[in-house]
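Some notes on the structure that comes next.
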Amino acid sequence: MKSLLFKTASDYLLPLLLLFSVFMLLRGHYEPGGGFVGGLMAAIAFLIHSFAHGLKETRNIIRINPGMLMPIGLLLTLLAGIAPWLIGQPFLTGLWFEEPFRFVGVVGTALLFDIGVYLVVIGATLTIMFSITETV
Amino acid sequence: MSLQEYFHFIIIPILGLSVILVFIRFVKGPSLADRVIALDMLILISICIIAVYSIMFNQSTFLDIAMLFALIAFLSTTAYAFYLEKRERK
Chain A
80 MKSLLFKTAS DYLLPLLLLF SVFMLLRGHY EPGGGFVGGL MAAIAFLIHS
130 FAHGLKETRN IIRINPGMLM PIGLLLTLLA GIAPWLIGQP FLTGLWFEEP
180 FRFVGVVGTA LLFDIGVYLV VIGATLTIMF SITETV
Chain B
5 MSLQEYFHFI IIPILGLSVI LVFIRFVKGP SLADRVIALD MLILISICII
55 AVYSIMFNQS TFLDIAMLFA LIAFLSTTAY AFYLEKRERK
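First to last, the protein sequences are chains A and B.
Residue 183 in my numbering sits at position 104 of the first sequence, with consecutive numbering throughout.
Residue 94 in my numbering sits at position 90 of the second sequence, with consecutive numbering throughout.
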C-alpha cells in the first residue's frame, strides 16, 4: 500500500509490539499471558509491517524462513519435557531455579516450554499469512 | 450518583444502543467497505465495554485484552483495505 502515514506508523509499531509480546511471554504462567498470546502479537507486528512495506522487506527483517521456526520451537518444547529425566524425575516435571532473576522473575522449564510455543505460533501464523498474501 | 451507578445506568446502555445501531449498518451495508467499517466500529465499542468492566471490577488485566483486541481490529481493517485495493486493480 502506498500510504506514507501507514508506513511511518508501522516502522514505530514493529519494535513496540515485539517488546510487548516479549513482556506477555515473560509474564505468563502465573498471570495472564504466555507463549501463545505473545507469539500471536509478534506475528501481528510482522504482518502489519508486511502490509505496509511489502512481503520482501519483511522477509529481509526476519532473515530465516518462518517455517523453520516451527521445528526449532518444537525442539525447545521437547527439551523442556526431557530435562527432568536427567535428574531422575518423571517427564514434564516443572523444575525451577531457587533464586528469581532480575527483570525476568522465577525461571524454570515452564519458561522454556513457553518460548517453544512462542516460536511455533510465530512460525505457523507467518507461514499461513505469507502464503495467502503471495497467492492473492 | 456514584460511579458504579453511572456505569450501570448511563454508559453501558449507551454502548449497548450503539452496538445495535452499528449492527444494523453491518447487516444492511450496501457495499463491502461499509460492512468492514461497521465491523471495525463494533470491535471499538466492545473495547469500550471491556474498559468499563475493567474499571467496574478493578481488574487491570482486562485492559491488556482490550489492547490486543484493538491491535487485531487494526490488522483486520488494514488487511481488508489491502485486499479490496488489490481486487479493484485487477
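A virtual CB, placed ideally from N, CA and C, is assigned to each residue, including glycine.
These numbers were taken from a predicted model, which means no experiment stands behind them.
Determine the direct distance from the alpha carbon of residue j to that of residue i, and round the result to whole angstroms.
{"i": "Q168 of chain A", "j": "E178 of chain A", "result": "21 Å"}
{"i": "S89 of chain A", "j": "G118 of chain A", "result": "18 Å"}
{"i": "F209 of chain A", "j": "I194 of chain A", "result": "22 Å"}
{"i": "I211 of chain A", "j": "L134 of chain A", "result": "11 Å"}
{"i": "I59 of chain B", "j": "F99 of chain A", "result": "22 Å"}
{"i": "L75 of chain B", "j": "L92 of chain A", "result": "10 Å"}
{"i": "A85 of chain B", "j": "V183 of chain A", "result": "39 Å"}
{"i": "P34 of chain B", "j": "K94 of chain B", "result": "22 Å"}
{"i": "A131 of chain A", "j": "M45 of chain B", "result": "22 Å"}
{"i": "M103 of chain A", "j": "T156 of chain A", "result": "18 Å"}
{"i": "E213 of chain A", "j": "R138 of chain A", "result": "12 Å"}
{"i": "M5 of chain B", "j": "V23 of chain B", "result": "25 Å"}
Could you tell me which residues DSSP pairs with residue i in its beta bridges?
{"i": "G187 of chain A", "result": "A:W175"}
{"i": "F180 of chain A", "result": "A:G184"}
Measuring alpha carbon to alpha carbon, tell me which of the options ends up nearest residue i.
{"i": "T188 of chain A", "options": "A:V196, A:A162, A:F180, A:L97", "result": "A:A162"}
{"i": "L205 of chain A", "options": "A:H128, A:V116, A:V186, A:A122", "result": "A:A122"}
{"i": "G107 of chain A", "options": "B:C52, B:I18, B:D68, B:M5", "result": "B:D68"}
{"i": "E9 of chain B", "options": "B:L21, B:M45, B:Y57, B:V26", "result": "B:Y57"}
{"i": "L153 of chain A", "options": "A:L191, A:V101, A:P111", "result": "A:L191"}
With a Cβ-Cβ cutoff of 8 Å, do residue i and residue j count as a contact?
{"i": "I47 of chain B", "j": "A77 of chain B", "result": "yes"}
{"i": "V196 of chain A", "j": "F115 of chain A", "result": "yes"}
{"i": "L19 of chain B", "j": "C52 of chain B", "result": "yes"}
{"i": "F66 of chain B", "j": "I54 of chain B", "result": "yes"}
Kindly indicate if chain C contains any beta-carbon less than 8 Å away from that of residue i.
{"i": "V215 of chain A", "result": "This model lacks chain C altogether; the protein chains it does include are A and B."}
Quick one: which residues of the segment 181 to 208 of chain A get their C-beta closer than 8 Å to a C-beta of chain B? List them in chain order. none
Chain B contacts from the segment 107 to 130 of chain A (Cβ-Cβ distance under 9 Å): E110, P111, G112, V116, L119, M120, I123, A124, L126, I127, F130
Residues of the segment 35 to 64 of chain B with a CB closer than 7 Å to any CB of chain A: list them in chain order, please. none
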